[in-house]
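Asker:
Protein chains: 2
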Amino acid sequence: MNEIRVIQWGLGAMGSGMARLIQSKTGLKIVYAYDQDPQKIGQDLGEFLGGVKSGVRIQRPPQPGEMNLEKADLVILATSSFTKEVTPQIEIALKHSLNVISIAEEMAYPWAQEPELAMHIDGLAREYGVSVLGTGINPGFVLDTLILALTGTCLAVDKIKAARINDLSPFGPTVMQTQGVGVSAEAFEAGLQSGRIVGHVGFKESLYLLAKTLGWKLDKIEETRFPIISKVKRETAYVKVEPGQVAGCQHTAIGYVDGVPKIELIHPQQVLPHLEGIETGDYIDISGQPDIHLAIKPEIPGGLGTMAMAVNMIPQVLAARPGLLSMAELPVPAALMGDIRELLAWRKGE
Amino acid sequence: MNEIRVIQWGLGAMGSGMARLIQSKTGLKIVYAYDQDPQKIGQDLGEFLGGVKSGVRIQRPPQPGEMNLEKADLVILATSSFTKEVTPQIEIALKHSLNVISIAEEMAYPWAQEPELAMHIDGLAREYGVSVLGTGINPGFVLDTLILALTGTCLAVDKIKAARINDLSPFGPTVMQTQGVGVSAEAFEAGLQSGRIVGHVGFKESLYLLAKTLGWKLDKIEETRFPIISKVKRETAYVKVEPGQVAGCQHTAIGYVDGVPKIELIHPQQVLPHLEGIETGDYIDISGQPDIHLAIKPEIPGGLGTMAMAVNMIPQVLAARPGLLSMAELPVPAALMGDIRELLAWRKGE
Numbered sequence: 001m002n003e004i005r006v007i008q009w010g011l012g013a014m015g016s017g018m019a020r021l022i023q024s025k026t027g028l029k030i031v032y033a034y035d036q037d038p039q040k041i042g043q044d045l046g047e048f049l050g051g052v053k054s055g056v057r058i059q060r061p062p063q064p065g066e067m068n069l070e071k072a073d074l075v076i077l078a079t080s081s082f083t084k085e086v087t088p089q090i091e092i093a094l095k096h097s098l099n100v101i102s103i104a105e106e107m108a109y110p111w112a113q114e115p116e117l118a119m120h121i122d123g124l125a126r127e128y129g130v131s132v133l134g135t136g137i138n139p140g141f142v143l144d145t146l147i148l149a150l151t152g153t154c155l156a157v158d159k160i161k162a163a164r165i166n167d168l169s170p171f172g173p174t175v176m177q178t179q180g181v182g183v184s185a186e187a188f189e190a191g192l193q194s195g196r197i198v199g200h201v202g203f204k205e206s207l208y209l210l211a212k213t214l215g216w217k218l219d220k221i222e223e224t225r226f227p228i229i230s231k232v233k234r235e236t237a238y239v240k241v242e243p244g245q246v247a248g249c250q251h252t253a254i255g256y257v258d259g260v261p262k263i264e265l266i267h268p269q270q271v272l273p274h275l276e277g278i279e280t281g282d283y284i285d286i287s288g289q290p291d292i293h294l295a296i297k298p299e300i301p302g303g304l305g306t307m308a309m310a311v312n313m314i315p316q317v318l319a320a321r322p323g324l325l326s327m328a329e330l331p332v333p334a335a336l337m338g339d340i341r342e343l344l345a346w347r348k349g350e
Numbered sequence: 001m002n003e004i005r006v007i008q009w010g011l012g013a014m015g016s017g018m019a020r021l022i023q024s025k026t027g028l029k030i031v032y033a034y035d036q037d038p039q040k041i042g043q044d045l046g047e048f049l050g051g052v053k054s055g056v057r058i059q060r061p062p063q064p065g066e067m068n069l070e071k072a073d074l075v076i077l078a079t080s081s082f083t084k085e086v087t088p089q090i091e092i093a094l095k096h097s098l099n100v101i102s103i104a105e106e107m108a109y110p111w112a113q114e115p116e117l118a119m120h121i122d123g124l125a126r127e128y129g130v131s132v133l134g135t136g137i138n139p140g141f142v143l144d145t146l147i148l149a150l151t152g153t154c155l156a157v158d159k160i161k162a163a164r165i166n167d168l169s170p171f172g173p174t175v176m177q178t179q180g181v182g183v184s185a186e187a188f189e190a191g192l193q194s195g196r197i198v199g200h201v202g203f204k205e206s207l208y209l210l211a212k213t214l215g216w217k218l219d220k221i222e223e224t225r226f227p228i229i230s231k232v233k234r235e236t237a238y239v240k241v242e243p244g245q246v247a248g249c250q251h252t253a254i255g256y257v258d259g260v261p262k263i264e265l266i267h268p269q270q271v272l273p274h275l276e277g278i279e280t281g282d283y284i285d286i287s288g289q290p291d292i293h294l295a296i297k298p299e300i301p302g303g304l305g306t307m308a309m310a311v312n313m314i315p316q317v318l319a320a321r322p323g324l325l326s327m328a329e330l331p332v333p334a335a336l337m338g339d340i341r342e343l344l345a346w347r348k349g350e
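Protein sequences, first through last, are from chains A and B.
Residue 3 in UniProt numbering sits at position 3 of the first sequence; the count goes up by one each step and never skips.
Residue 214 in UniProt numbering sits at position 214 of the second sequence; the count goes up by one each step and never skips.
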């Protein structure tokens with residue numbers, strides 16, 4: 001049986017991690033690797049990833065009409081957070097009848113913010129008989145898929161409240177900037193106004209995916225972002241926060257159904273929260289029949305979790321019906337510990 | 001759009017709860033109700049359930065060849081824990097091209113203990129173009145589906161340990177007997193030998209389903225059952241336990257892969273564990289990349305959870321490919337809060 005042939009598109013921190021993960025799995029093989037960084041182009045992928053020569057040379061990403069994607073099964077896209085930016089890449093893949101898994105946050109449920117692009121992608125995927133999935137740790141799992149799974153044990157759900165409290169310490173300058181870490185309260189406000197500080201990307205996607213799957217119709221979403229002002233000195237390899245400065249962004253989103261707040265998602269992202277006694281974790285509280293209270297401590301790490309979700313969902317995507325799909329429409333994720341070819345045959349009912 | 005027509009087969013505590021739940025959902029309708037209890041046969045289902053007249057009269061279950069099942073979409077079976085006992089009922093349903101959801105514990109993964117019956121059911125379901133699912137809270141969710149979902153966030157999994165610590169207080173005489181509650185340690189041993197005391201039904205199903213989905217090959221399962229000797233007096237509506245008597249059954253199962261214990265499932269079932277300071281809950285610990293520690297406190301209630309899972313999975317089952325399926329092969333469960341007809345159309349990609 002031939003290996004499942006993967007194209008790794010994007011070799012930043014996430015993409016490189018996924019490429020290493022794919023190399024570690026039985027029955028999976030990277031046949032092309034793309035990145036736009038001139039310093040990466042031309043290098044051997046295996047050596048670039050810190051291992052032995054792989055025989056796959058990193059290339060610049062293909063343009064529309066370029067036909068070197070034919071001998072593959074699936075593209076993993078790790079290039080951007082936004083549906084608009086990945087749509088041209090997805091188009092190229094679909095027109096070569098390749099399945100797609102994207103970690104763009106907005107692709108977790110592109111119907112939320114880009115319904116026209118979502119319809120376009122869905123139509124193309126059906127036309128070419130392949131499937132497209134957006135996934136990741138969040139959106140993609142903690143504040144949507146995992147919540148949905150728990151509601152499956154409820155006769156009825158009245159209200160959902162969930163929080164992901166994490167530590168941004170491992171992340172570099174870009175994340176520090178988009179979360180406003182290390183600036184003054186005034187600079188944080190200015191950053192929110194200018195769009196330099198954005199908080200979490202993915203609340204709208206999680207909220208619409210939750211509502212769609214449960215059968216609720218959202219009539220309004222309210223998002224708030226405020227600065228987490230540090231009481232203590234916090235310092236990482238990338239940033240210093242003095243007392244009185246901003247340690248991160250407390251970002252909250254509330255989804256309303258018939259004017260009533262039904263889903264509240266909270267995601268304070270900061271460096272070193274334990275210095276003020278805050279325990280990181282993923283927390284879900286469902287009010288319903290029955291009430292359910294879940295805690296995962298510490299939180300599932302964002303980087304590893306996103307890499308894992310994208311690669312572990314490969315058999316589910318390859319076995320799915322054609323179209324643009326979401327985590328709610330595919331079988332539960334599961335770690336890929338065996339030969340993916342056997343797992344895929346089982347999922348296909350062969 | 002016509003309502004989804006359900007046959008409720010079995011009207012014990014679970015079946016009655018599911019029938020009430022179905023009545024509460026938009027787009028679902030019970031068209032036949034079966035039970036073998038002569039006292040129930042002939043009663044109006046709605047009145048039997050404590051509500052208003054429904055126009056559906058409770059009938060004795062159909063025999064093979066009886067053809068009154070044609071105008072329905074799906075059967076919910078709540079009659080027995082064992083694949084052998086439900087197979088004839090499933091056969092009748094399949095031969096009328098009806099989808100089936102069973103809460104028989106062994107049906108959560110009948111390939112574990114009844115591979116020949118599983119193959120037979122799978123073949124029939126494919127022949128008639130319908131789907132069969134076994135589900136419930138456990139097996140079906142806590143010690144299998146939920147564990148799988150968490151492993152989806154792992155690059156690799158080394159070992160899984162999970163415990164469901166619950167309180168049997170709400171349950172009646174049958175459960176007290178099968179768990180050995182209220183007997184002496186000697187009587188407990190004798191009950192295990194005679195098969196009167198069984199502990200949890202479902203460990204083999206959960207273990208094989210976990211292993212199959214992850215891609216591990218189990219080479220051995222070890223189960224142990226020992227009495228939980230109470231240090232204090234415990235009393236419920238159905239049983240009295242004196243200090244020194246048995247408060248319940250501590251049942252453990254370990255699945256080995258290549259001679260190494262990889263999955264350890266622990267399910268101590270007893271009455272009133274809090275009297276000895278034991279906190280009930282569902283606990284999952286995954287050793288891998290990353291490690292994950294989950295706690296749901298208190299545990300998801302078994303009765304409500306099982307009813308909910310069976311009814312909430314209806315759209316997933318109706319949208320699935322034909323065959324005998326498991327929770328690992330279907331989309332994540334989710335509470336049914338909207339019109340099931342819209343949710344079904346969405347799941348089918350219409």
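Using N, Cα and C, we set each Cβ at its ideal position, and we do this for glycine too.
Model, not experiment: these values are computed from the prediction.
1. Assuming Val6 (chain A) and Ile92 (chain A) form a contact by the criterion Cβ under 8 Å, report the distance between their Cβ atoms to the nearest whole angstrom.
2. Locate the alpha helix (DSSP H) running through Asp122 (chain B), then write down its first and last residues.
3. Using a C-beta to C-beta distance shorter than 9 Å, which residues of chain B count as neighbours of Trp216 (chain A)?
4. Within 9 Å (strictly less), CB to CB, does Glu264 (chain A) reach chain B?
5. Starting from Pro290 (chain B), find everything on chain A with Cβ-Cβ shorter than 8 Å and list it in chain order.
6. Just to check my reading of the structure: Leu330 (chain B) and Met313 (chain B) have Cβ atoms closer than 8 Å, yes? What is that Cβ distance to the nearest angstrom?
7. Could you tell me whether the Cβ atoms of Gly136 (chain A) and Glu186 (chain A) are closer together than 9 Å?
8. Taking Cβ-Cβ distances shorter than 7 Å, what residues in chain B pair up with Glu91 (chain A)?
9. Nearest CA to the CA of Leu124 (chain A): which residue from A:Leu325, A:Lys25 and A:Leu210?
10. Under the DSSP definition of a beta bridge, which residues are partnered with Trp111 (chain B)?
11. Restricting to runs no shorter than 3 residues, where is the beta strand (DSSP E) found entirely within the region 131-217 of chain B?
12. Round the Cβ separation of Asp219 (chain A) and Val257 (chain A) to the nearest angstrom and send it over; I've been treating them as touching at under 8 Å.
13. Which residues of chain B have a Cβ atom closer than 7 Å to the Cβ of His293 (chain A), listed in chain order?
14. Return the residues of the region 136-148 of chain B that lie within a Cβ-Cβ distance of less than 7 Å from chain A, sorted by chain order.
15. Quick check on DSSP: helix, strand or coil for Leu325 (chain B)?
16. For Pro62 (chain A), does the three-state DSSP call read helix, strand or coil?
17. Using the beta-carbon of each residue, which ones in chain B are nearer than 9 Å to Gly323 (chain A)?
18. If you measure between the beta carbons of Ile197 (chain B) and Arg164 (chain B), is that distance less than 9 Å?
19. Interface residues of chain A around Glu279 (chain B) at Cβ under 7 Å?
20. Report the start-end ranges of each alpha helix (DSSP H) in the UniProt domain "Dihydrodipicolinate reductase N-terminal" (5-101) of chain B that is 4 residues or longer and not cut off at the edges.
21. Suppose contacts are defined by Cβ-Cβ distances below 9 Å. Is Pro61 (chain B) in contact with Gln89 (chain B) by that definition?
22. Starting from the beta carbon of Val157 (chain A), find every residue of chain B whose beta carbon is closer than 7 Å, and list them in chain order.
23. Are the beta-carbon atoms of residue 421 (chain B) and Glu3 (chain B) separated by less than 9 Å?
24. I need the DSSP call for Gly288 (chain B), collapsed to helix, strand or coil.
25. Helix, strand or coil, according to DSSP, for Lys262 (chain B) in the structure here?
26. Using the DSSP secondary-structure output, state which residues sit across from Ala253 (chain A) in a beta bridge.
27. Please classify Val317 (chain A): does DSSP put it in a helix, a strand, or coil?
28. Just grab the DSSP bridge partners of Lys240 (chain B) for me.
29. How many Å lie between Lys95 (chain B) and Val130 (chain B) at the Cα?
30. Quick one: which chain B residues come within Cβ less than 8 Å of Met309 (chain A)?
31. Does Glu299 (chain A) pass the burial test, meaning 16 or more other C-beta atoms within 10 Å, or should it be called exposed?
32. Run through chain A and tell me which residues come within less than 9 Å of Glu342 (chain B), C-beta to C-beta.
33. For Val246 (chain A), write down the residues that DSSP places opposite it in a beta bridge.
34. So the candidates are B:Pro139, B:Phe171, B:Ala308 and B:Ile278; which of them puts its Cα closest to the Cα of Leu210 (chain B)?
35. Taking all protein chains shown into account, do 16 or more other C-beta atoms lie within 10 angstroms of the C-beta of Asp144 (chain A), making it buried, or fewer, making it exposed?
36. Identify every residue that forms a DSSP beta bridge with Asp282 (chain A).
Answerer: In short:
1. 15 Å between Cβ atoms; not a contact.
2. Pro115 to Tyr128
3. Met337 and Gly338
4. no
5. Ile300, Pro301, Leu304 and Gly305
6. 7 Å
7. no
8. Residues of chain B passing the Cβ test: none, with the nearest at roughly 20 Å.
9. A:Leu325
10. Paired residue(s): none; Trp111 (chain B) is not in a bridge.
11. 131-134 and 156-167
12. 7 Å
13. Ile296 and Lys297
14. Ile137, Phe141, Thr145, Leu146 and Leu148
15. strand
16. coil
17. Gly349
18. no
19. Under the 7 Å cutoff, chain A gives no residues; its nearest Cβ is about 12 Å from Glu279 (chain B).
20. 13-24, 45-48 and 83-95
21. yes
22. Ala335 and Met337
23. The displayed coordinates of chain B run from 1 to 350. Any statement about residue 421 (chain B) would go beyond what the structure contains.
24. strand
25. strand
26. A:Glu223 and A:Leu265
27. helix
28. B:Glu235
29. 10 Å
30. Gly152 and Thr153
31. buried
32. Gly215
33. A:Ile229
34. B:Pro139
35. buried
36. A:Arg164 and A:Ile296
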